[in-house]
Every structure is written in structure tokens, then in C-alpha cells.
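Enquirer: Okay, here's the structure, questions in a sec.
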Amino acid sequence: MGLPSNFRWGVTDSSLSAEGVAPAADWSRWERDGRVPVSGDGAGFASDYGDDLRLAAALGFLDVRITVEWARLEPSPGTVDTDALESIREVLAAASHAGLRPWATLVHS
């Protein structure tokens, strides 16, 4: 059984493992309470995303799913972090520039 001719290989990230916990996320409280390991900066995607995306494209991937941590965008009810929103726009633009089709998701499962 083969894959359909229009099958597209892609890569994905999890916001927590890629860039660390958002300070307003529930997971942050669990880290402070010692209930889960500290994520720190994750895999460093927030600072290395350009290189990471170019590498994914060079490896032949066509799509990338970027998980957007809602607690980064809206750290408190009704308050949008415009810097975080702009950062996400930059990552999605970098994905397109690298030749990848970006998919933004709010839930990574």
C-alpha cells in the first residue's frame, strides 16, 4: 500500500517543547510547584526558528504545523500581547519564505 500522489510530508512542533512554557499557562504554575520538569526555553525554537525552518525545507518537508500557545497571545482575559502576535506572524512568514506551507494550531494533540 503506497501513499497517495498528493501526500505532503510535514513537521510539527509543540509550543511547550519547542519554546518553553508561556508564563500565563497552567503548565507554568505546575513547573513552579515542582509537579512537572521545568521546560526552560524548550528546544530554542523561539530564537532558532529561521534555521529550523530552512533545515526542514532542505530535508524535503513541505508543510509545518506551528502550535500557538494561547496563554502567550492572551496572557490575561481580554489582554492581547501584540508582541507575541507579531512574533507568530514572523514565524509563519519565515516558514513561507523557507518554502514550507505553515499551519497554525491552538491545540497540539
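Reminder that position 95 of the sequence shown reads as 103 in our numbering, one-by-one numbering, no gaps. Built from N, CA and C at the ideal position, the CB exists for glycine as well. Bear in mind the structure is a predicted one, so any value in this text is a computation, not a measurement.
Count the other C-beta atoms from every protein chain shown that fall within 10 angstroms of the C-beta of A66, then say buried if there are 16 or more, exposed otherwise.
Expert: Exposed, by the Cβ-count rule.
Enquirer: Roughly how many angstroms separate the alpha carbons of L93 and L11, rounded to a whole number?
Expert: About 36 Å.
Enquirer: Which term fits R80, buried or exposed, when burial requires 16 or more other beta carbons within 10 angstroms of its beta carbon?
Expert: Under this definition R80 is a buried residue.
Enquirer: Look up G58 in the DSSP assignment and give the residues it is bridged to.
Expert: DSSP lists no partner for G58.
Enquirer: Does the Cβ-Cβ distance between S47 and L24 come in under 7 Å?
Expert: Their beta carbons are under 7 Å apart, which means S47 touches L24 by this criterion.
Enquirer: Which word fits D59, buried or exposed, when buried means at least 16 other C-beta atoms lie within 10 angstroms of its C-beta?
Expert: Counting Cβ neighbours within 10 Å, D59 comes out exposed, since fewer than 16 surround it.
Enquirer: Report the rounded CA-to-CA distance for E4 versus P45, giving the unit in angstroms.
Expert: The requested residue 4 does not occur in the structure, where the chain is confined to residues 9 to 117.
Enquirer: How about V29 and S36: do their beta carbons lie closer than 7 Å?
Expert: In contact: V29 and S36 (Cβ atoms closer than 7 Å).
Enquirer: Does DSSP put S22 in a helix, a strand or coil?
Expert: Reduced to three states, the DSSP call for S22 is coil.
Enquirer: Under the DSSP definition of a beta bridge, which residues are partnered with I74?
Expert: Looking at the DSSP assignment, I74 forms a beta bridge with A112.
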